[in-house]
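Undergrad: Before I ask anything, here is the structure I am working with.
Protein chains: 2
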Amino acid sequence: MNGWTVAQSELDATRQHHHETIFTIGNGYLATRGAFEEGYPQDRRTTFLHGVFDAAPFVVTELANAPDWLALEILLNGERFALSRGTVISFARELDLRNGVLTRRVEWESPRGDRATILVERFCSLAAPHLVCMRASITAARASEIELRASINGNPLSEGAQGEKLAHWEFLAQGLSRAASRDERDGDVFLHTRTFQSRIELGAAMRVIATHGKETAREFWDARNAPTFVLRANASAGETVVVEKYVSYFTSRDVDAARVVEAALQELNAVTNWNDAFRANAAAWQVEWARTDVVIEGDEEAQLAIRFNLFQMLIAAPRLDDRVNIGAKTLSGFGYRGHAFWDTEIFMLPLFIYTAPHIAKNLLNYRYRLLNAARAKAKANGFEGAQFPWESADTGEEVTPTWIPSYLDRSQLIRIWTGDIEIHISADIAYAAHQYWVATGDDEWLMDKGAELILDTAKFWAARAEWNEKEKRYEYNDVIGPDEYHDHVNNNYYTNRLAQWNLQTALDVLEWLKSHAPTKSQQLVEQLDLSPARLEKWRDVIAKIYLPALPNGLLLQFQDYLERQAVDLAALEPRTISVQALLGIEGANETQVLKQPDVLMLMYLLQNEFSRDQVRLNYDFYTPRTDHTYGSSLGPSIQTIMACAVGKPDDAYEHFMRALRADLYDVRGNADDGIHAASAGGTWQAIAFGFGGLRITREGWTIEPRLPQHWKRLAFRFFYHGEQQVVDIGGE
Amino acid sequence: MNGWTVAQSELDATRQHHHETIFTIGNGYLATRGAFEEGYPQDRRTTFLHGVFDAAPFVVTELANAPDWLALEILLNGERFALSRGTVISFARELDLRNGVLTRRVEWESPRGDRATILVERFCSLAAPHLVCMRASITAARASEIELRASINGNPLSEGAQGEKLAHWEFLAQGLSRAASRDERDGDVFLHTRTFQSRIELGAAMRVIATHGKETAREFWDARNAPTFVLRANASAGETVVVEKYVSYFTSRDVDAARVVEAALQELNAVTNWNDAFRANAAAWQVEWARTDVVIEGDEEAQLAIRFNLFQMLIAAPRLDDRVNIGAKTLSGFGYRGHAFWDTEIFMLPLFIYTAPHIAKNLLNYRYRLLNAARAKAKANGFEGAQFPWESADTGEEVTPTWIPSYLDRSQLIRIWTGDIEIHISADIAYAAHQYWVATGDDEWLMDKGAELILDTAKFWAARAEWNEKEKRYEYNDVIGPDEYHDHVNNNYYTNRLAQWNLQTALDVLEWLKSHAPTKSQQLVEQLDLSPARLEKWRDVIAKIYLPALPNGLLLQFQDYLERQAVDLAALEPRTISVQALLGIEGANETQVLKQPDVLMLMYLLQNEFSRDQVRLNYDFYTPRTDHTYGSSLGPSIQTIMACAVGKPDDAYEHFMRALRADLYDVRGNADDGIHAASAGGTWQAIAFGFGGLRITREGWTIEPRLPQHWKRLAFRFFYHGEQQVVDIGGE
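Protein chains in written order, with my numbering: chain A, 31 to 762; chain B, 31 to 762.
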């Protein structure tokens, strides 16, 4: 175990979709699931490109599974290689996290008894993100004819909410590149296609080269929507035939629609050979890991797993595009359709803020770019300011489904309320914007964008606050907090407190602007109508917002939380489903069981506001009331941090491993749908803010290490105000 | 004009989908829309096979657009022929109704200036219904290389309810037939595929032969899901290259799943040459027309149009399969997804009962086979007996969507109530079963199947009847009648009266059975628990069912119909949308405007029950209250019959032509979605029972001709008790 390789040594058809998820590779422009090149029954082969959405039933819009670059058929003396046929003598797959390369080696015996070793390597170039590369090496046991059919499949399908299969691509054209058309042997092929409803054009180009083995024939099959190069070679016993396949993608999001094919073909012309492409990719990865790597000594599993989680974040992170975000399942599966949630701001952004602030800025700019859509949502609901959508895709409109097919009976529809009333996301985004500023000191961004975002969300919170005349207080009623087991609740502590924070921070930022950027300050005052009366109202809400708590310092999940029924969670064990699935949506709503601990989450976000004793009181109260195993996958990393905060690093370790294993071991049973992005992002926070005890303020940073007993060393790096900082606990 | 040819002489891209609908060809096993072989932007190319349904969002299940046999690309000196490129010098398309052959002749100039005449003929063999045939003849103006690429496209798409594109087919295998694999030049190719959710397997096979022209090369492109034969030929100036393409289909509905590919390949082996295949098809059509043709002299438009409507019925009629029905849009479009409604029993079945009783029997057997599903529906709703679904597909379960996307805003869902409360269909089916018996004298069928169906629907009606203690009467409340502008109405006359008829007919049939088939009678009494008490209840409902009417004999559409608002329909002219679209669903509901005249429909079905004066009274009352132009497409044929009944054959003619033109001239603006099957079927009834004045009883038949003034002759044939009868009015 070298700490960098995720390995699979046996084929297990029952875990096919799980393995596809964890063997996803990507480069922040696109990502491809770990499906087999030659196909496998019921595989979910996807390549998702950031921002390439198309309309879909129920879910409003979804990432459109892009034309498939994996397609490669291998024929051994005329028999088509497939893991579902013949005999698999050995099977090994490795994901090299250091370089983002997925390798599979199969020894296969054909139905007629011919044997070959088939090695396929592939990566999505981090150095040239429009480029994906594959190399197949086939070694036959006896003299054989090897045939390879390399295609771009223009008919990829998506799986819909009721199990239907959706097509998103309308064929426009294909052919050989003009430069190459006189001699097919060296030509590149292109496919030109377009999403049906969003009408995003895509050009893909493919180059296929035999680099070892005597090529005896080369054909081009111009079959519509499946342009295919066919190469045949005669190999002597033990000789290896090697074929390289390079595919490039450009869409009308990248270049003018008229140029997508040309750009894709040009991208291929920049390819010299496999080694050069590989080296450039490896060099780019080296830069990423120098910023992001976490070293854990004394725990091989945790070492590998933390890198796996960081890898999943790195391949999903948009480096060159600030019009996209990271979906709740990254680019690795159909789950949540590529929609972005608060998962980004609260769970993933800290990783990027501290290790790759340029990526964090892209993600925040995405929100800033969609401020007008957030304003429209607020207005449609009768409020001022900016109300961000619970689920967000390309336009910033609310894309939460209002009705979705029931999991139990797909012919029945269930009303989804999060898009209507899970309002805390607007404060979460403001929080992340502020955190970015605190950590980076990027005053320019705050002036240009962040301030407007924080001020306009504050405006929303003031408008949304309801005055309770009887109690003389402001309230936020009929909401859903992060704990989604309870909907239509009143005065969710997390929501109310973070709204208050948003309002106060807006006032602070406005003050700061007045002294640091008076012109901008004046402009925003006019643009957002920040009159003295309005600011007075903000102060009034801040002062009089209802924050439900007991005199002893116990913060209440929401107003009447203690009236809900207590449940002995231990008595429900063993279970393999969530408490909500066990008791039903209505049933769970009536209990005190939490999908995730809102209150502890808030204490983490505003950690300087609470005493250690108060944290401990709330930790002890809420921990046994939380569905840690099958509730929210967002919970464990935060629970880790809070366990560390109350001095229980070994309890923390249990939660940490639950987060680390979420996808690698599919501990929640739903990794088929894609990576749990918030869990993956949260693992870095658990390392830095939990075990490392890192605290960041405008003035500087401190650490307070609280390692699990068996850990020998924990090291990580982060940026503070533009300078990389090194934390190395227990190191030599 | 020869009365047999539907012709199009100009390409009109704006009418593409309309033309695809009317140029649909088929053979009762499958049908293919009139899309162009080489494709056209936004075309809706479909081949639907009866009974091949697969799950789909919102609409529950839909006919799965099958692998496309049309796919044919033609290259002229390397330039791909397409009507959207180069110059179309002339364009002509003809549908030969007599033989079911669609022919297109195009003179085309390529972008580079090469010219060719391209003639493509195709038909779905009525003699060998698993076989479809195509022939392309290309004549180049100068010596040219002609290339043809003939494929089966395994990636056909369906258009979903929200504009999404659905894929229904999972690729399983493809290849050359074993017999042919040693020499590709003469080989056949197969495709093996399966619907994703219903898991119906399909084997398709293709043979491609060049019969004229010097073939210079032939290749097979084994591209996945698009197996393609490529033929090249060098043609001298003016020489014609001819290529024939034969495709066969078998599904696991036809043969064992393991045999679908073998069966498809065998079907091709039965093909000798084009002329033989053509002759066999033409001979089969001759038999059909000998039963079905209607001759109208003095009205060329009506002559052609009636044949067109009959043709659409004939190509949709299942001759060899009694597990399927005819959808409301036949097999000709995505509309209503292939679901069968009462349209079959009331509008289409009379045509078949009288001209092709073997087809009528298949259609009725479909309902009989699904009696258990109807019983389950009744039971789920708390009733005894059999309640047929409003929309029916393969299983007989209710497949009416409960929610569908709004036409105006696809993100909004509209509740559809017809599946819940449009209950008259159970009586409609019983009515059709009885009518079949009356017309055919098929006592065996009545004993074996029809009686059970009529008795069990009666059982439902007795259970569904609500006793109104205050009024001392039975009622059917909260229903939708055939007039769907009014939903949630009480005591719809049509429903109540036909329920009463169903109950009475059940009693009559049981009496008949007792004397003609005492064993069967006894068996049904036991099986259906037809106790004396139950039959007494039936008699009580028959006697006390509420039939809302005025003392003068005006039958009331439903209980409080006269309290709805009167609307001057003439004042709404000119309009191009329905009154419901104009006033909204709720708005139309509050008026007296009818989508179709329920009451007149009932008077037609039970014509011996009403005096001519009473018919006239109701005709005069309801006619001006009906949305004839954009209401139900089911209305005009019935309105024709009733106009004839009241002695107004020229008014009748106006309604008749509206029915005849529904699809040919797209008078309702929605022919894109497929043929209006009920309208098409109704035209024959308008001929026979309207203009012909045919009346059928158990004792015999009479006619009472009422021709439009300008008609010189009307002739048609029908079967009565197994013997073909000839009606020839005005003939020599």
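The beta carbon of each residue, even a glycine, is placed where N, CA and C say it ideally should be.
Owing to the predicted nature of the structure, the values given are computational and were not obtained by experimental measurement.
Is the stretch 736-752 of chain B in contact with the stretch 708-721 of chain B, if contact means three or more CB pairs nearer than 8 Å?
TA: Yes, the stretch 736-752 of chain B touches the stretch 708-721 of chain B.
Undergrad: So the alpha helix (DSSP H) arginine 337 of chain B belongs to, where does it begin and stop?
TA: Within the second sequence, numbered from 1, the residue matching residue 337 of chain B stands at position 307. It spans 330-346 - the alpha helix (DSSP H) in which arginine 337 of chain B sits, taken as one unbroken run.
Undergrad: Specify whether the stretch 645-652 of chain B and the stretch 681-692 of chain B touch according to this definition: at least 3 beta carbon pairs, one from each stretch, less than 8 Å apart.
TA: Contact fails: fewer than three Cβ-Cβ distances are below 8 Å.
Undergrad: Whole angstroms are fine: how far does the CA of glycine 365 of chain A sit from the CA of alanine 335 of chain A?
TA: Position 305 of the first sequence, counted from the first residue, corresponds to residue 335 of chain A. Position 335 of the first sequence, counted from the first residue, corresponds to residue 365 of chain A. Rounded to whole angstroms, alanine 335 of chain A to glycine 365 of chain A spans 22 Å at the Cα level.
Undergrad: So, is the C-beta of glutamine 227 of chain A closer than 8 Å to a C-beta in chain B?
TA: Locating residue 227 of chain A in the first sequence gives position 197, counting from the first residue. Interface residue, yes.
Undergrad: Closest by CA to threonine 606 of chain B, which one among B/Thr659, B/Leu585, B/Val131 and B/Leu599?
TA: Indexing the second sequence from 1 puts residue 606 of chain B at position 576. With distances taken between Cα atoms, threonine 606 of chain B lies closest to B/Thr659.
Undergrad: Does any CB atom of chain B fall closer than 8 Å to the CB of proline 433 of chain A?
TA: Position 403 of the first sequence, counting from 1, holds the residue named residue 433 of chain A. Residue identity differs from the one stated: residue 433 of chain A is tryptophan in this sequence, not proline. Taking Cβ atoms only, chain B reaches closer than 8 Å to tryptophan 433 of chain A, which makes this a yes.
Undergrad: Flag glycine 190 of chain B as yes if its beta-carbon sits less than 8 Å from any beta-carbon of chain A, otherwise no.
TA: As a working mapping, residue 190 of chain B is identified with position 160 in the second sequence. At least one chain A Cβ lies under 8 Å of glycine 190 of chain B.
Undergrad: Would you please verify whether the beta carbon of valine 509 of chain B is less than 8 Å from any beta carbon of chain A?
TA: By 1-based counting over the second sequence, the position of residue 509 of chain B is 479. No - not a single Cβ of chain A is within 8 Å of the one on valine 509 of chain B.
Undergrad: Check proline 627 of chain B in the structure and name its three-state DSSP category.
TA: Translated into the one-based positions of the second sequence, residue 627 of chain B becomes position 597. Residue state for proline 627 of chain B is assigned as coil, using DSSP reduced to three classes.
Undergrad: Using CA coordinates, which residue listed in B/Ala320, B/Leu528, B/Ala611 and B/Gly614 is at the minimum distance from methionine 631 of chain B?
TA: The residue labelled residue 631 of chain B in the question sits at position 601 within the second sequence. Of B/Ala320, B/Leu528, B/Ala611 and B/Gly614, the residue nearest in Cα terms is B/Leu528.
Undergrad: So what does DSSP say about glutamate 214 of chain B, is it helix, strand or coil?
TA: Position 184 of the second sequence, counted from the first residue, corresponds to residue 214 of chain B. Low confidence applies here, because glutamate 214 of chain B scores a pLDDT of 46, under 50, leaving its location unreliable and the question unanswered by this model.
Undergrad: Under a Cβ-count criterion, where at least 16 other Cβ atoms within 10 Å of its own Cβ denotes burial, should glutamate 330 of chain A be classed as buried or exposed?
TA: Position 300 of the first sequence, counting from 1, holds the residue named residue 330 of chain A. Looking at its Cβ environment, which holds fewer than 16 other Cβ atoms inside 10 Å, glutamate 330 of chain A is exposed.
Undergrad: What distance in whole Å lies between the Cβ atoms of tryptophan 447 of chain A and aspartate 517 of chain A, which are believed to be in contact at a cut-off of 8 Å?
TA: Counting from 1 along the first sequence, the entry for residue 517 of chain A is found at position 487. Counting from 1 along the first sequence, the entry for residue 447 of chain A is found at position 417. Indeed they touch by this definition, with Cβ atoms about 5 Å apart.
Undergrad: Where do the ends of the alpha helix (DSSP H) carrying aspartate 789 of chain B lie?
TA: Past the boundaries of the shown model lies residue 789 of chain B; chain B is included only from 31 to 762, so the question cannot be answered.
Undergrad: Compare the beta carbon distance of leucine 232 of chain A and valine 290 of chain A with 8 Å and say whether it is the shorter of the two.
TA: Start at 1 with the first residue of the first sequence, and residue 232 of chain A comes out as number 202. Start at 1 with the first residue of the first sequence, and residue 290 of chain A comes out as number 260. Against a cut-off of 8 Å, the Cβ pair of valine 290 of chain A and leucine 232 of chain A comes out as a contact.
Undergrad: Would you mind telling me which residues of chain B sit closer than 9 Å to arginine 254 of chain A, beta carbon to beta carbon, in chain order?
TA: The residue labelled residue 254 of chain A in the question sits at position 224 within the first sequence. Within chain B, the C-beta atoms nearer than 9 Å to that of arginine 254 of chain A come from Gly69, Ala101, Glu103, Arg179, Ser181, Asn183, Ala253, Ala256 and Thr258, in chain order.
Undergrad: I'd like to check one pair, glycine 471 of chain A with glycine 730 of chain A: are the Cβ atoms closer than 8 Å?
TA: Position 700 of the first sequence holds residue 730 of chain A. Position 441 of the first sequence holds residue 471 of chain A. No; because the gap between Cβ atoms is not below 8 Å, this pair is not in contact.
Undergrad: Using 10 angstroms around the beta-carbon of glycine 193 of chain B, count the other beta-carbons present and answer buried if the total reaches 16, otherwise exposed.
TA: Within the second sequence, numbered from 1, the residue matching residue 193 of chain B stands at position 163. It counts as exposed.
Undergrad: Assign threonine 281 of chain A to buried or exposed, taking buried as 16 or more other Cβ atoms, counted over all protein chains shown, within 10 Å of its Cβ.
TA: By one-based count along the first sequence, residue 281 of chain A stands at place 251. Buried, since its Cβ has 16 or more Cβ neighbours within 10 Å.
Undergrad: Give every residue of the same chain whose Cβ lies closer than 7 Å to the Cβ of serine 181 of chain A, excluding the five residues on either side of it in the sequence, and list them in chain order.
TA: Taking the first sequence and counting its residues from 1, one reaches residue 181 of chain A at position 151. Taken in chain order, the residues that qualify are Ala101, Ala256, Pro257 and Thr258.
Undergrad: Given this structure, state the Cα-to-Cα distance separating phenylalanine 413 of chain B from glutamate 499 of chain A, to the nearest angstrom.
TA: Within the second sequence, numbered from 1, the residue matching residue 413 of chain B stands at position 383. Within the first sequence, numbered from 1, the residue matching residue 499 of chain A stands at position 469. Rounded to whole angstroms, phenylalanine 413 of chain B to glutamate 499 of chain A spans 54 Å at the Cα level.
Undergrad: Rounded to the nearest angstrom, what separates valine 571 of chain A and lysine 489 of chain A at their Cα positions?
TA: Looking up residue 571 of chain A in the first sequence gives position 541. Looking up residue 489 of chain A in the first sequence gives position 459. Cα to Cα, valine 571 of chain A sits roughly 11 Å from lysine 489 of chain A.
Undergrad: Is the Cβ of valine 14 of chain B closer than 8 Å to any Cβ of chain A?
TA: Any property of residue 14 of chain B remains undetermined from this structure, which presents chain B solely from 31 to 762.
Undergrad: For alanine 708 of chain B, which residues from the same chain have a beta carbon less than 6 Å from its beta carbon, with the 5 sequence-adjacent residues on both sides left out?
TA: Translated into positions along the second sequence, residue 708 of chain B becomes position 678. Within the same chain, alanine 708 of chain B has close Cβ partners Asp373, Phe377 and Leu664.
Undergrad: Return helix, strand or coil for glutamine 24 of chain A, following the three-state DSSP convention.
TA: Limits of chain A in this structure are 31 at one end and 762 at the other, which puts residue 24 of chain A out of reach.
Undergrad: Grab the span of the alpha helix (DSSP H) containing leucine 106 of chain B for me, first residue to last.
TA: Position 76 of the second sequence, counting from 1, holds the residue named residue 106 of chain B. That residue, leucine 106 of chain B, is in no alpha helix (DSSP H); its beta strand (DSSP E) goes 102-106.
Undergrad: If we define contact as Cβ-Cβ less than 8 Å, is arginine 212 of chain B a contact residue for chain A?
TA: Here the question's residue 212 of chain B lines up with position 182 in the second sequence. For arginine 212 of chain B, the pLDDT reaches just 42, beneath the cut-off of 50, and the residue's location in the model is therefore unreliable, although a value from the coordinates is still provided. Not an interface residue.
Undergrad: Rounded to the nearest angstrom, what separates valine 609 of chain B and alanine 596 of chain B at their Cα positions?
TA: The residue given as residue 609 of chain B occupies position 579 in the second sequence. The residue given as residue 596 of chain B occupies position 566 in the second sequence. Their backbone Cα atoms lie some 13 Å apart in a straight line.
Undergrad: Within the continuous beta strand (DSSP E) that includes threonine 44 of chain B, where are the two ends?
TA: Along the second sequence, one-based indexing puts residue 44 of chain B at 14. Per DSSP, threonine 44 of chain B belongs to no beta strand (DSSP E) and is neither H nor E.
Undergrad: So, do the stretch 553-567 of chain A and the stretch 615-624 of chain A have three or more beta carbon pairs nearer to each other than 8 Å?
TA: no
Undergrad: So, does the CB of leucine 443 of chain B fall closer than 8 Å to a CB anywhere in chain A?
TA: Position 413 of the second sequence, counting from 1, holds the residue named residue 443 of chain B. Answer yes: the Cβ-Cβ gap between leucine 443 of chain B and chain A drops below 8 Å somewhere.
Undergrad: Determine the contact status of threonine 487 of chain A and alanine 460 of chain A, defining contact as a CB-CB distance below 8 Å.
TA: Mapped onto the first sequence, residue 487 of chain A falls at position 457. Mapped onto the first sequence, residue 460 of chain A falls at position 430. At the C-beta level, threonine 487 of chain A and alanine 460 of chain A come within 8 Å of one another.
Undergrad: Report the start-end ranges of each alpha helix (DSSP H) in the stretch 274-320 of chain B that is 4 residues or longer and not cut off at the edges.
TA: 290-299, all fully within the stretch 274-320 of chain B.
Undergrad: Over what stretch of residues does the alpha helix (DSSP H) that includes leucine 548 of chain B continue unbroken?
TA: Position 518 of the second sequence, counted from the first residue, corresponds to residue 548 of chain B. It is proline, not leucine, that sits at residue 548 of chain B in the sequence shown. From DSSP, the alpha helix (DSSP H) with proline 548 of chain B extends over 548-557.
Undergrad: Helix, strand or coil: how does DSSP classify alanine 85 of chain B here?
TA: As a working note, residue 85 of chain B is residue 55 in the second sequence. The answer is strand: DSSP assigns alanine 85 of chain B an E or B state.
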